[in-house]
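Participant: The structure's right below; bear with me while I get my questions together.
Number of protein chains: 2
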Amino acid sequence: MPPTENVYFDAATTAPLHPVARQALTAALDEGWADPARLYRSGRQARMLLDAARETVAEVLGARPDEVSFTASGTQAVQLGMLGALRGRRRTGRHLVHSAVEHSSVLHTAERFEADGGEVAAVPVDRQGRVSPAEFAAAVRPDTALAVLQSANHEVGTVQPVAETAELLHAQGNEHCPLLVDAAQSAGRLPVPAGWSLLTASAHKWGGPPGVGVLAVRKGSRFNSALSADEREGGRVPGFVNVPAIVAAAASLRAVQAEAAAENARLHALVERIRAAVPRLVPEVEVVGDPVARLPHIVTFSCLYVDGEVLLGELDRAGFAVSSGSSCTSSTLTPSHVLAAMGVLTEGNVRLSLPSGTTAEQVERFLTVLPELVARVREPLGLDLPAPAGAAGSELVVDQLGKRCPLPVIELAKRIGEVPVGGLVVVLADDEAARLDIPAWCEMRGQAYEGEAPADAYGADRGFAYLVRRVS
Amino acid sequence: MPPTENVYFDAATTAPLHPVARQALTAALDEGWADPARLYRSGRQARMLLDAARETVAEVLGARPDEVSFTASGTQAVQLGMLGALRGRRRTGRHLVHSAVEHSSVLHTAERFEADGGEVAAVPVDRQGRVSPAEFAAAVRPDTALAVLQSANHEVGTVQPVAETAELLHAQGNEHCPLLVDAAQSAGRLPVPAGWSLLTASAHKWGGPPGVGVLAVRKGSRFNSALSADEREGGRVPGFVNVPAIVAAAASLRAVQAEAAAENARLHALVERIRAAVPRLVPEVEVVGDPVARLPHIVTFSCLYVDGEVLLGELDRAGFAVSSGSSCTSSTLTPSHVLAAMGVLTEGNVRLSLPSGTTAEQVERFLTVLPELVARVREPLGLDLPAPAGAAGSELVVDQLGKRCPLPVIELAKRIGEVPVGGLVVVLADDEAARLDIPAWCEMRGQAYEGEAPADAYGADRGFAYLVRRVS
Numbered sequence: 001m002p003p004t005e006n007v008y009f010d011a012a013t014t015a016p017l018h019p020v021a022r023q024a025l026t027a028a029l030d031e032g033w034a035d036p037a038r039l040y041r042s043g044r045q046a047r048m049l050l051d052a053a054r055e056t057v058a059e060v061l062g063a064r065p066d067e068v069s070f071t072a073s074g075t076q077a078v079q080l081g082m083l084g085a086l087r088g089r090r091r092t093g094r095h096l097v098h099s100a101v102e103h104s105s106v107l108h109t110a111e112r113f114e115a116d117g118g119e120v121a122a123v124p125v126d127r128q129g130r131v132s133p134a135e136f137a138a139a140v141r142p143d144t145a146l147a148v149l150q151s152a153n154h155e156v157g158t159v160q161p162v163a164e165t166a167e168l169l170h171a172q173g174n175e176h177c178p179l180l181v182d183a184a185q186s187a188g189r190l191p192v193p194a195g196w197s198l199l200t201a202s203a204h205k206w207g208g209p210p211g212v213g214v215l216a217v218r219k220g221s222r223f224n225s226a227l228s229a230d231e232r233e234g235g236r237v238p239g240f241v242n243v244p245a246i247v248a249a250a251a252s253l254r255a256v257q258a259e260a261a262a263e264n265a266r267l268h269a270l271v272e273r274i275r276a277a278v279p280r281l282v283p284e285v286e287v288v289g290d291p292v293a294r295l296p297h298i299v300t301f302s303c304l305y306v307d308g309e310v311l312l313g314e315l316d317r318a319g320f321a322v323s324s325g326s327s328c329t330s331s332t333l334t335p336s337h338v339l340a341a342m343g344v345l346t347e348g349n350v351r352l353s354l355p356s357g358t359t360a361e362q363v364e365r366f367l368t369v370l371p372e373l374v375a376r377v378r379e380p381l382g383l384d385l386p387a388p389a390g391a392a393g394s395e396l397v398v399d400q401l402g403k404r405c406p407l408p409v410i411e412l413a414k415r416i417g418e419v420p421v422g423g424l425v426v427v428l429a430d431d432e433a434a435r436l437d438i439p440a441w442c443e444m445r446g447q448a449y450e451g452e453a454p455a456d457a458y459g460a461d462r463g464f465a466y467l468v469r470r471v472s
Numbered sequence: 001m002p003p004t005e006n007v008y009f010d011a012a013t014t015a016p017l018h019p020v021a022r023q024a025l026t027a028a029l030d031e032g033w034a035d036p037a038r039l040y041r042s043g044r045q046a047r048m049l050l051d052a053a054r055e056t057v058a059e060v061l062g063a064r065p066d067e068v069s070f071t072a073s074g075t076q077a078v079q080l081g082m083l084g085a086l087r088g089r090r091r092t093g094r095h096l097v098h099s100a101v102e103h104s105s106v107l108h109t110a111e112r113f114e115a116d117g118g119e120v121a122a123v124p125v126d127r128q129g130r131v132s133p134a135e136f137a138a139a140v141r142p143d144t145a146l147a148v149l150q151s152a153n154h155e156v157g158t159v160q161p162v163a164e165t166a167e168l169l170h171a172q173g174n175e176h177c178p179l180l181v182d183a184a185q186s187a188g189r190l191p192v193p194a195g196w197s198l199l200t201a202s203a204h205k206w207g208g209p210p211g212v213g214v215l216a217v218r219k220g221s222r223f224n225s226a227l228s229a230d231e232r233e234g235g236r237v238p239g240f241v242n243v244p245a246i247v248a249a250a251a252s253l254r255a256v257q258a259e260a261a262a263e264n265a266r267l268h269a270l271v272e273r274i275r276a277a278v279p280r281l282v283p284e285v286e287v288v289g290d291p292v293a294r295l296p297h298i299v300t301f302s303c304l305y306v307d308g309e310v311l312l313g314e315l316d317r318a319g320f321a322v323s324s325g326s327s328c329t330s331s332t333l334t335p336s337h338v339l340a341a342m343g344v345l346t347e348g349n350v351r352l353s354l355p356s357g358t359t360a361e362q363v364e365r366f367l368t369v370l371p372e373l374v375a376r377v378r379e380p381l382g383l384d385l386p387a388p389a390g391a392a393g394s395e396l397v398v399d400q401l402g403k404r405c406p407l408p409v410i411e412l413a414k415r416i417g418e419v420p421v422g423g424l425v426v427v428l429a430d431d432e433a434a435r436l437d438i439p440a441w442c443e444m445r446g447q448a449y450e451g452e453a454p455a456d457a458y459g460a461d462r463g464f465a466y467l468v469r470r471v472s
């Protein structure tokens, strides 16, 4: 199938630039290009824009403006945050705790810290990718200089119990051990969990431009900059401050936060649809990550007997940009440390992360091509795979929301021929009559009525999904 | 005088965005927003743009593309470059050599290195701010892990003898000691001097956007990244790569290099004009930095009995954005380490760094207001200062290039009343008759003819400057 439109399902890697960010960037290139540290007019103007951006970001993230420093990336925020906290607490000890499923920037910094003589404990996670607050807190010792826990996992979307963990740390008398919360995947989408001492985030994950990270350090937290500091960004991040990009980052954070309630619900339902459909459509597949306490926009599944890299190539040719924990980057072929820590299948891994504005049509199109592509990748292996729950691996959603009967039944009759025998037609309808008419039609035409499902599993915000299996 | 137009003379801090950079940035936000490490279509497109940008930057700077990594700022390039080289040569020794007039990012990194147990030698400079190649080379020992020398000084514009120094290092058998050349102020304007092992630069100094630095490491140089590296940018700079800004940086570097020959000559002449005029117009002033081997666009002078901060404020109110080595930033009031190392006056320091497109009219306007403002700042002190060479501190340039006699003399007669008695009128003319007519007119009208000067000292590319002192 030649791609009619390229669909980008890799927002967790980088989100497309939010229109508000682009506008703000263009304006700030005119108004905020000068050095905000200078006292002349254009410098003062840049400083005002920078201060306003800092206030916005602080407000959205629940910090004080003077706690917020801007870095050049989320990775730099994590590195400077971890190293600065570790240096600031050097007298307490050289013990570092982090979850086993942190972003690679945390793991790399921890590895370097260990190589330099530090001691590191990686707290395991359950099969959903979640740490246990009790287990995490138990790993923190009196000589622990820093604990690191993400707000939500970047590969499988599982939300971590940050606030509970922070409370436990406090309760057990380790309240002085700083907790660095890496909020890269949740900032702007979900409220920042309580209890952080250091907070990191990355603007291009929320639709801001590349080149902006956030490092917030709570008042009273010990911090000793790892890089030789200058007087910029509170002495935490040296180098010329990228005011235009920061202004754009703040504007898009504000916009994304304002849109989050509605957009999260929409994306949550689309992901629900994918989570439910994929195991029905593809044999030998495992959807991973917590089905409930999860980010709204991320869904990850792994396909047995599939080379993730090859499947990504097929999806790309079909017009879908997705990512894989099995092929984190073009040059690294090691399996995902996240999936490995969860004890789930790492091969044939596909992560979809839906950007704002993803449509149900795009999702349906993906679900149409995925079974074919997985089958094509597996074909040379000559395996005899069990049929998936979804039988012939074909499923068609017929959206009849807002249509009065008998229209839903007419459309069902017209389109059932589009799926092969064994395939499933899902009729979305909110006319109550459909509940009677669709089973009746199946009875009359010798098709199999398989019952109702919640409509939000198919990306709809109302009505019901009626499942019809084509038998003849 | 209310400012009619704000004039920006602080290009050495940050240059206004080049129009080509803005265009390229806008285009690359559309075309190069995806992660260049991804293999899907938009990722490959970003990678192609990044590769092309790297080739451009490498070509202009005289490096191989695979030697060039992009950082988030010039400061980050210096820090990662210095720390990576020092780590890579740890077994050789822990001795670092740099000139006393390096950028603060070098000095701060050196201070931190010293605090961490390293040994640092700062090579002194002469009164022009220049290191002696012999003295610099003599400071490099068999256990020196790294030597750092700027291509040109950022405060006074003096060009350093980098190639000669590198040759001496090689000749004395220290060819293995890497030389990091900080080309932040010269990249794009002047060819990069030969002999570097590591090269650093900053895009916003050449009219690129903020957020892009360059770190080039010559093949064969030992390098061990100081921050935990990921697979990006050759393992030297971790974090998401800012492709749109890098594309814009490369485009503007190419453009600036193409314009450099013409623009350098123009700015060189304007700076010559300032260098010659300021001591004539302002009493007790010292123009510092090498008058010949200098950057085309930077001129620095210091005014005795003047608080640099206060003078900058006055200039700002008069519409001029300039910088001062006496007040490097709004929060740092320590005197410039550069001026201190040169042994020149550090008080009342003003640095002008002319951006591309600076006009002779802007320079003349600056020269008109400067004497008044310096006098105003000094006034409360009640000092009895000697008159400057330029007498009443007033000078008027009458541009008559291309005008045939008697027009130059007529214009001189019309306008000499604009300067007070004691002031100077400079007539620029290329009609040979002016050489006779102007002295003759002075004789007849009782004014003082003071001779000829090269026209390029007044920003002109031809003709002569005829100096007339108003006597009555």
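Heads up: the sequence lines are chains X and Y, in that order. Be aware that the first sequence starts at 1, since it is given in the UniProt record's numbering, and climbs by one per residue. Be aware that the second sequence starts at 1, since it is given in the UniProt record's numbering, and climbs by one per residue. Backbone N, C-alpha and C define an ideal beta-carbon position, used for all residues, glycine too.
Answer with yes or no whether the minimum CB distance from X:Gly157 to chain Y is below 8 Å.
Facilitator: No, because no Cβ of chain Y sits closer than 8 Å to the Cβ of X:Gly157.
Participant: To which residues of the same chain is Y:Val120 closer than 7 Å at the C-beta, ignoring the five residues directly before and after it?
Facilitator: Once the five neighbours on either side are set aside, the close Cβ partners of Y:Val120 are Leu96, Ala110, Phe113 and Glu114.
Participant: Counting only Cβ pairs nearer than 9 Å, list the residues of chain X close to Y:Glu111.
Facilitator: Chain X residues near Y:Glu111: Ser228.
Participant: Is there a C-beta anywhere in chain Y that falls below 8 Å from the one on X:Asn224?
Facilitator: Taking Cβ atoms only, chain Y never reaches closer than 8 Å to X:Asn224, which makes this a no.
Participant: Say whether the region 230 to 249 of chain Y touches the region 62 to 79 of chain Y, bearing in mind that this needs 3 or more beta-carbon pairs closer than 8 Å, one atom from each stretch.
Facilitator: Flag = yes, the region 230 to 249 of chain Y and the region 62 to 79 of chain Y touch.
Participant: Which residues in chain X have a C-beta closer than 7 Å to the C-beta of Y:Ser353? List them in chain order.
Facilitator: By Cβ distance, chain X contributes nothing, its closest Cβ being about 12 Å from Y:Ser353, past 7 Å.
Participant: Counting pairs of Cβ atoms below 8 Å between the region 368 to 382 of chain X and the region 274 to 285 of chain X, do you hit three or more?
Facilitator: Output reads yes: the region 274 to 285 of chain X touches the region 368 to 382 of chain X.
Participant: Output yes if chain X places a C-beta closer than 8 Å to the C-beta of Y:His268; else output no.
Facilitator: Output row for Y:His268: interface = no.
Participant: For X:Pro244, which residues in chain Y fall below 8 Å Cβ to Cβ?
Facilitator: The answer, in chain order, is Pro209 and Pro210.
Participant: Let me check understanding here. Comparing Cα to Cα, which of X:Val306, X:Arg445 and X:Glu432 lies closest to X:Arg376?
Facilitator: The option with the nearest alpha carbon to X:Arg376 is X:Val306.
Participant: Does the Cβ-Cβ distance between Y:Val78 and Y:Ser99 come in under 8 Å?
Facilitator: Not in contact: Y:Val78 and Y:Ser99 (Cβ atoms no closer than 8 Å).
Participant: Do X:Ala163 and X:Ser186 have their C-beta atoms within less than 8 Å of each other?
Facilitator: Against a cut-off of 8 Å, the Cβ pair of X:Ser186 and X:Ala163 comes out as no contact.
Participant: Let me see if you follow: with CB-CB separation under 8 Å, is Y:Trp206 close to chain X or not?
Facilitator: False, the Cβ-Cβ gap to chain X never drops below 8 Å.
Participant: Give the straight-line distance between the Cα atoms of X:Gly417 and X:Ser472, rounded to the nearest whole angstrom.
Facilitator: Their backbone Cα atoms lie some 9 Å apart in a straight line.
Participant: Please confirm whether any heavy atom of the ligand MG lies closer than 7 Å to the CB of Y:Pro355.
Facilitator: Only the bare structure without any ligand can be found here, which leaves the ligand MG out of the picture.
Participant: Report the option in X:Val409, X:Asp456, X:Glu452 and X:Asn6 whose CA atom is closest to the CA atom of X:Trp441.
Facilitator: Selected option, being the one with the closest Cα: X:Val409.
Participant: Beta-carbon within less than 8 Å of X:Arg64's beta-carbon, same chain only, minus the 5 sequence neighbours each way: which residues are those?
Facilitator: Ala58 and Lys219.
Participant: Step through the CB atoms of chain Y and report whether any lies within less than 8 Å of the CB of X:Asp35.
Facilitator: Yes, X:Asp35 lies at the interface with chain Y (some Cβ there is under 8 Å from its Cβ).
Participant: For X:Ala17, which residues from the same chain have a beta carbon less than 7 Å from its beta carbon, with the 5 sequence-adjacent residues on both sides left out?
Facilitator: As written in the sequence, residue 17 of chain X is Leu, which differs from the Ala given in the question. Closer than 7 Å at the Cβ level, and outside the excluded window around X:Leu17, lie Gly207 and Pro209.
Participant: For a contact defined as C-beta to C-beta under 8 Å, what are the partners of Y:Gly313 on chain X?
Facilitator: Simply Leu39.
Participant: Compare the C-beta of X:Ala121 with all C-beta atoms of chain Y and state if any pair is closer than 8 Å.
Facilitator: Answer no: the Cβ-Cβ gap between X:Ala121 and chain Y never drops below 8 Å.
Participant: Taking the alpha helix (DSSP H) that X:Pro454 falls in, what are its first and last residues?
Facilitator: Not the alpha helix (DSSP H): X:Pro454 falls in the beta strand (DSSP E), residues Ala448 to Pro454.
Participant: At a CB-CB cut-off below 7 Å, which residues of chain Y make contact with X:Pro16?
Facilitator: Those within 7 Å of X:Pro16 in chain Y are Trp33.
Participant: Let me know if X:Leu424 comes out buried or exposed under the rule of 16 or more other beta-carbons within 10 Å of its beta-carbon.
Facilitator: Burial call: buried.
Participant: If you count every other CB in all the chains shown that lies within 10 Å of the CB of Y:Val421, and 16 or more means buried, which is it?
Facilitator: Y:Val421 should be labelled exposed.
Participant: Applying the 10 Å Cβ sphere with the 16-neighbour rule, what's the burial state of Y:Val282?
Facilitator: It counts as buried.
Participant: Any idea if Y:Gly446 is buried or exposed, counting beta-carbon neighbours within 10 angstroms, 16 or more meaning buried?
Facilitator: The residue in question, Y:Gly446, is exposed, as its Cβ has fewer than 16 Cβ neighbours within 10 Å.
Participant: Taking the Cβ atom as the reference point for each residue, do Y:Leu198 and Y:Gly313 lie within a distance shorter than 8 Å?
Facilitator: It is not a contact, given that the beta carbons lie outside the stated cut-off.
Participant: Return the CA-CA distance between X:Asp10 and Y:Ala340, expressed in angstroms with no decimal places.
Facilitator: Approximately 53 Å between the Cα atoms of the pair.
Participant: Does any residue of chain X bring its CB to less than 8 Å from the CB of Y:Asp51?
Facilitator: Cβ-Cβ to chain X under 8 Å: no for Y:Asp51.
Participant: Is the beta carbon of residue 473 of chain X sitting closer than 8 Å to the one on X:Ala37?
Facilitator: There is no way to answer for residue 473 of chain X, as the model of chain X reaches only from 1 to 472.
Participant: Residues of the region 16 to 30 of chain X with a CB closer than 7 Å to any CB of chain Y: list them in chain order, please.
Facilitator: Those residues of the region 16 to 30 of chain X that come within reach of chain Y (Cβ to Cβ, closer than 7 Å) are Pro16, Leu17, Arg22 and Leu29.
Participant: Can you list, in chain order, the residues of its chain whose CB lies under 7 Å from that of Y:Thr92, leaving out five sequence neighbours each side?
Facilitator: Once the five neighbours on either side are set aside, the close Cβ partners of Y:Thr92 are Asp143 and Ala145.
Participant: Less than 8 Å between the C-beta atoms of X:Ala137 and X:Leu168, yes or no?
Facilitator: The answer is yes: Cβ separation under 8 Å.
Participant: Report all residues from its chain with a CB closer than 6 Å to the CB of Y:Ala269; omit the five preceding and five following residues, and keep chain order.
Facilitator: The answer, listed in chain order, is Asp456 and Gly459.
Participant: Hey, how far is the Cα of Y:Pro178 from the Cα of Y:Asn224?
Facilitator: Those two C-alpha atoms are separated by around 13 Å.
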